[in-house]
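Engineer: Residue numbers 4 to 606, in the working numbering, belong to the letters of the sequence shown in order. For glycine and all other residues, C-beta sits at the position ideal for the given N, C-alpha and C. All values reported here derive from a predicted model rather than from experimental measurement.
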Amino acid sequence: MSRAPIVPRGRTVAWLVGVLGLLLAVPVSAKSFVFSRVAIDATVWATGSMQVVEARTYRFDGSFSWASYRLPLKGASRIQGIRVGDENGPYAAATTGVDPPRPGTFRVTQDGDAVLIRWGFRAADESRTFTIAYVLDDVVTVYTDVAELYWKFIGTGWDRSSEDVQITVRLPGRLPADQIRVWAHGPPQGEVRPAAGGAVLTVKNLPAETMVEGRIVFPREVVPQARNRRAEAALQRIVNEETVWAERANRARFRDRLLLGAAAGLPLLAFLLWSRLYLRFGREHRPGPPEGYYRELPGDYSPAEMGVLWRFGSVQPADYVATILDLARRGFLKIETKAGGGLLFRDEAYTVTRTEKTGWMRPFETEALAMLFGHEEQPDGTVTISRRKGLPSEAKTRIGRRFSKWASQVKATAEAQRFFDDRSARMSGLSVTLGLVLIAAAWFGGGALGLPAAIGSGISGVIMLLGSPAMRRRSQRGADDLQQWKGFRRFLLDFSQMPKAELPAVVLWEHYLVYAIPLGVADRVIEQLGKIYTSEELARAPSLSVWTGSSGSSGTGGGLASLASFTTVLSSATSSASSGSGGGGGFSGGGGGGGGGSGGSAG
Numbered sequence: 004m005s006r007a008p009i010v011p012r013g014r015t016v017a018w019l020v021g022v023l024g025l026l027l028a029v030p031v032s033a034k035s036f037v038f039s040r041v042a043i044d045a046t047v048w049a050t051g052s053m054q055v056v057e058a059r060t061y062r063f064d065g066s067f068s069w070a071s072y073r074l075p076l077k078g079a080s081r082i083q084g085i086r087v088g089d090e091n092g093p094y095a096a097a098t099t100g101v102d103p104p105r106p107g108t109f110r111v112t113q114d115g116d117a118v119l120i121r122w123g124f125r126a127a128d129e130s131r132t133f134t135i136a137y138v139l140d141d142v143v144t145v146y147t148d149v150a151e152l153y154w155k156f157i158g159t160g161w162d163r164s165s166e167d168v169q170i171t172v173r174l175p176g177r178l179p180a181d182q183i184r185v186w187a188h189g190p191p192q193g194e195v196r197p198a199a200g201g202a203v204l205t206v207k208n209l210p211a212e213t214m215v216e217g218r219i220v221f222p223r224e225v226v227p228q229a230r231n232r233r234a235e236a237a238l239q240r241i242v243n244e245e246t247v248w249a250e251r252a253n254r255a256r257f258r259d260r261l262l263l264g265a266a267a268g269l270p271l272l273a274f275l276l277w278s279r280l281y282l283r284f285g286r287e288h289r290p291g292p293p294e295g296y297y298r299e300l301p302g303d304y305s306p307a308e309m310g311v312l313w314r315f316g317s318v319q320p321a322d323y324v325a326t327i328l329d330l331a332r333r334g335f336l337k338i339e340t341k342a343g344g345g346l347l348f349r350d351e352a353y354t355v356t357r358t359e360k361t362g363w364m365r366p367f368e369t370e371a372l373a374m375l376f377g378h379e380e381q382p383d384g385t386v387t388i389s390r391r392k393g394l395p396s397e398a399k400t401r402i403g404r405r406f407s408k409w410a411s412q413v414k415a416t417a418e419a420q421r422f423f424d425d426r427s428a429r430m431s432g433l434s435v436t437l438g439l440v441l442i443a444a445a446w447f448g449g450g451a452l453g454l455p456a457a458i459g460s461g462i463s464g465v466i467m468l469l470g471s472p473a474m475r476r477r478s479q480r481g482a483d484d485l486q487q488w489k490g491f492r493r494f495l496l497d498f499s500q501m502p503k504a505e506l507p508a509v510v511l512w513e514h515y516l517v518y519a520i521p522l523g524v525a526d527r528v529i530e531q532l533g534k535i536y537t538s539e540e541l542a543r544a545p546s547l548s549v550w551t552g553s554s555g556s557s558g559t560g561g562g563l564a565s566l567a568s569f570t571t572v573l574s575s576a577t578s579s580a581s582s583g584s585g586g587g588g589g590f591s592g593g594g595g596g597g598g599g600g601s602g603g604s605a606g
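1) Apart from the five residues on each side of it in sequence, which residues of its chain come closer than 7 Å, Cβ to Cβ, to Ala198?
2) Can you round the beta-carbon distance between Arg365 and Ser305 to whole angstroms, since I take them to be within the 8 Å contact cut?
3) Taking the straight line between their C-alpha atoms, what separation do you get for Phe491 and Ser431?
4) Mapping DSSP to helix, strand and coil, what is Ser601?
5) Cβ of Leu152 within 8 Å of Cβ of Val47?
6) Between Val528 and Ala519, which are expected to be in contact by the criterion C-beta below 8 Å, what is the C-beta distance as a whole number of angstroms?
7) Could you tell me the distance, in whole angstroms, from the CA atom of Lys489 to the CA atom of Tyr281?
8) Let me know if Gly459 comes out buried or exposed under the rule of 16 or more other beta-carbons within 10 Å of its beta-carbon.
9) Considering Glu216, what are the terminal residues of the beta strand (DSSP E) in which it resides?
10) Out of Val509, Val517, Thr326, which one is the CA nearest neighbour of Thr537?
11) Determine the burial state of Ser52: buried for a count of at least 16 other Cβ atoms within 10 Å of its Cβ, exposed for fewer.
12) Residues in the same chain with beta-carbon distance under 6 Å from Ser584, minus the five sequence neighbours each way, listed in chain order, please.
13) Taking the straight line between their C-alpha atoms, what separation do you get for Asp526 and Tyr296?
14) Under three-state DSSP, which class holds Asp140?
15) Provide the residue span of the alpha helix (DSSP H) that contains Met309, from first to last.
16) Taking just the CA atoms, how far does Arg298 sit from Met309?
17) Are the stretch 469 to 487 and the stretch 428 to 446 in contact at 8 Å, needing three or more beta carbon pairs?
18) Could you tell me the distance, in whole angstroms, from the CA atom of Gly334 to the CA atom of Leu276?
19) Which whole runs of the alpha helix (DSSP H) in the stretch 473 to 553 are 4 residues long or more, in chain order?
20) Do you know offhand how far Glu351's Cα is from Leu336's?
21) Counting pairs of beta carbons, one from the stretch 133 to 144 and one from the stretch 71 to 88, are three or more of them closer than 8 Å?
22) Please check the pair Leu209 and Val215, which I expect to be a contact at CB under 8 Å, by giving their CB distance rounded to whole angstroms.
23) So, for Arg125: in the same chain, excluding its five sequence neighbours on each side, which residues have a beta-carbon less than 7 Å away from its beta-carbon?
24) Would DSSP call Leu119 helix, strand or coil?
25) Ala419: which of Pro507, Pro521, Leu312 sits nearest, CA to CA?
26) For a test of the three-state rule: what should DSSP assign to Gly606, helix, strand or coil?
27) Can you find a C-beta in chain D that's less than 8 Å from the C-beta of Ala419?
28) Determine the DSSP secondary structure at Ile338, reduced to helix, strand or coil.
29) Please tell me whether Ser71 and Lys34 are closer than 8 Å, where the distance is taken between their beta carbons.
30) Do Val652 and Ala398 have their C-beta atoms within less than 8 Å of each other?
31) In the DSSP assignment, find the unbroken beta strand (DSSP E) run with Ser317 in it and report its ends.
32) Going straight from the alpha carbon of Val3 to that of Val226, what length do you get?
33) Between Gln487 and the ligand GDP, is there a pair consisting of the residue's CB and a ligand heavy atom that are separated by less than 7 Å?
34) With distance defined between alpha-carbon atoms, name the residue in Ala605, Ser575, Ala49, Arg196 nearest to Arg391.
35) Determine the contact status of Ala611 and Pro222, defining contact as a CB-CB distance below 8 Å.
36) Does Ile82 come out as helix, strand or coil in the three-state DSSP assignment?
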């Protein structure tokens with residue numbers, strides 16, 4: 004007879020989620036075990052009884068001292084001749100009530116309609132093979148046309164998986180294979196085949212809590228002494244039952260193949276959907292202005308707002324530094340350089356003073372002053388920033404505590420510039436929603452979907468989630484402005500190579516400089532200014548004259564070194580203060596009708 008696949012009679016779908024950026028920390032047990040091999044040899048006697056010798060190889064991870072084997076007696080009139088042993092020989096029956104039994108002994112107790120066998124041993128981080136043997140009476144049913152053995156050789160009571168299972172059933176009378184009909188119920192990867200004198204059932208990677216059940220029909224003449232007899236014919240009924248279950252199993256396999264296709268197709272469909280959404284809503288607009296140098300400011304908004312455009316919505320400490328220098332340029336602040344004393348080390352310091360000037364300021368500019376001085380209305384307020392020590396502790400604490408609020412105010416102000424595409428933001432939200440729905444379907448609907456489709460759904464959800472940030476894009480206005488700011492940045496990097504006559508008036512450089520800070524080229528601009536312009540020329544720019552006329556400067560542009568130093572010191576101090584705020588900054592730290600059905604555990 005040709006091979007027949009094992010008919011699935013129930014399935015526990017379990018899947019591990021570690022899905023592409025949703026990970027749950029699962030506590031790891033201090034010890035565990037699996038079954039590397041289960042070999043069951045079942046011999047049917049002419050009396051209708053069956054002798055079972057079951058060898059289970061445990062692979063222990065950790066220290067263990069006992070194991071158990073529970074066998075329901077449904078389908079058998081009694082159990083007798085129970086024996087337990089290991090590689091070193093048989094175990095003795097326990098004579099005391101010590102639980103667990105002492106190593107090398109076993110105890111048998113009644114557990115409802117089942118027997119519970121428990122034995123003691125010592126094992127640690129090793130493989131051990133234990134043999135459980137017993138005889139079950141009256142497990143064969145004799146009908147008027149055939150005899151039937153219907154037995155669950157492995158039940159759902161095992162909570163650990165088995166890597167390799169082989170069950171050999173031997174019938175009396177040395178029957179040829181063509182007189183034996185055999186079916187099996189369990190996981191779909193199992194196989195069963197009749198063999199001369201019996202049948203063989205094999206399963207690779209048997210999941211935990213999954214049964215393996217055999218149903219064998221053979222000539223009644225080989226069990227003449229069997230006592231369990233029924234005055235009815237059974238062969239056609241058995242064949243009809245198994246045919247229905249086989250058709251159901253085939254439908255399940257077809258469904259599994261479809262779900263397997265879904266496992267591969269869903270991620271592809273998710274990627275195609277994401278790609279379509281990206282091309283329609285996420286791909287950056289083509290800028291209108293050509294590439295090249297831009298010698299004028301592309302926009303009249305603040306340097307902090309420009310930073311939001313430049314970094315796609317991110318606010319950094321450099322934007323705060325640029326805001327402070329811009330307020331100084333506009334006359335709301337006065338910055339002075341003072342050379343510190345000291346025998347070994349000279350500590351240059353900078354004083355930032357709130358002037359008496361009043362006038363309109365953006366909300367985040369008012370907040371920037373409050374962060375530095377304690378409150379915005381303090382005309383005589385002064386903060387000293389040390390080159391070595393940075394900001395005073397009070398100011399550092401305020402900036403750290405309020406930086407996130409300040410960053411939110413900058414973003415709110417920048418929203419009025421319409422730098423970003425609202426539709427792409429909505430599509431990004433849709434991508435997130437679809438991703439979460441697919442992951443939830445995989446997590447909560449895994450049993451209904453099946454393992455392959457659940458995995459496919461989970462992967463698809465991860466694709467949609469990970470791809471959602473790329474769905475956001477700048478508006479056409481934002482793309483155009485960004486192109487010009489890139490050109491302006493190129494100009495700031497290379498202006499020293501241009502003829503002086505083509506450069507902007509020196510008074511414009513104090514305005515340009517505050518934008519160079521969020522663009523990340525302030526040091527380069529300061530260095531080039533010192534090479535191109537004399538101190539007298541730089542003095543024509545009021546905010547630059549503070550630095551060119553500072554004490555301790557020497558040579559043309561020497562005072563600009565103080566400006567570079569101030570920018571570095573304030574940026575470093577602000578980054579350090581804002582790190583703990585979360586706003587960015589520096590680093591901080593079919594069947595089932597057969598009898599039997601064993602189960603068990605170990606500890």
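Structural biologist: Looking at the coordinates:
1) Only Ala180 meet the Cβ criterion.
2) Contact holds; Cβ gap of about 6 Å.
3) In a straight line, the C-alpha of Phe491 is about 30 Å away from that of Ser431.
4) The three-state reading of DSSP puts Ser601 in coil, since its state is none of H, G, I, E or B.
5) Closer than 8 Å, so yes.
6) With a Cβ gap of about 4 Å, Val528 and Ala519 count as contacting.
7) About 24 Å.
8) Classified as buried, Gly459 has 16 or more neighbouring CB atoms from the shown chains inside 10 Å of its CB.
9) For Glu216, the enclosing beta strand (DSSP E) begins and ends at 215 to 221.
10) Nearest of Val509, Val517, Thr326 to Thr537, Cα basis: Val509.
11) Per the 10 Å Cβ criterion, buried.
12) Legend: pLDDT at Ser584 = 42, less than 50; position of this residue unreliable, value from coordinates given subsequently. Answer for Ser584: Gly403, Phe406, Ser407, listed in chain order.
13) Straight through space, the alpha carbons of Tyr296 and Asp526 are spaced by roughly 19 Å.
14) Here Asp140 sits in strand by DSSP.
15) Looking at the DSSP string, the run of the alpha helix (DSSP H) that includes Met309 is 306 to 313.
16) One C-alpha to the other measures close to 16 Å.
17) With a cut-off of 8 Å, the stretch 428 to 446 and the stretch 469 to 487 count as touching, because enough Cβ pairs lie within range.
18) Cα to Cα, Gly334 sits roughly 53 Å from Leu276.
19) The qualifying runs are 479 to 497, 509 to 519, 525 to 535, 538 to 541, 545 to 551.
20) Approximately 19 Å, taken between the alpha carbons.
21) Cβ pair count under 8 Å is three or more, so yes.
22) Contact flag correct, Cβ pair sits at about 7 Å.
23) Apart from the 5 residues on each side of it in sequence, Arg125 sits with its Cβ closer than 7 Å to the Cβ of Ser68, Pro106 in its chain, given in chain order.
24) Shown here, Leu119 sits in a strand according to DSSP, grouped into three states.
25) Closest by alpha carbon: Leu312.
26) In this structure, Gly606 counts as coil in the three-state DSSP scheme.
27) As a matter of chain content, chain D is missing from the structure shown, which is built from one protein chain.
28) Shown here, Ile338 sits in a strand according to DSSP, grouped into three states.
29) Contact: no.
30) This structure does not reach residue 652, given that the chain is present from 4 up to 606, and the question cannot be answered.
31) That residue, Ser317, is in no beta strand (DSSP E); it is neither H nor E in DSSP.
32) Here the chain comprises residues numbered 4 to 606, so residue 3 is not present and cannot be evaluated.
33) In the structure shown, the ligand GDP is absent, as is every other ligand, since no ligand is present at all.
34) Taking only the C-alpha atoms, the option nearest Arg391 is Ser575.
35) This structure cannot speak to residue 611, because the chain is shown only from 4 to 606.
36) Here Ile82 carries a strand assignment [DSSP, helix/strand/coil].
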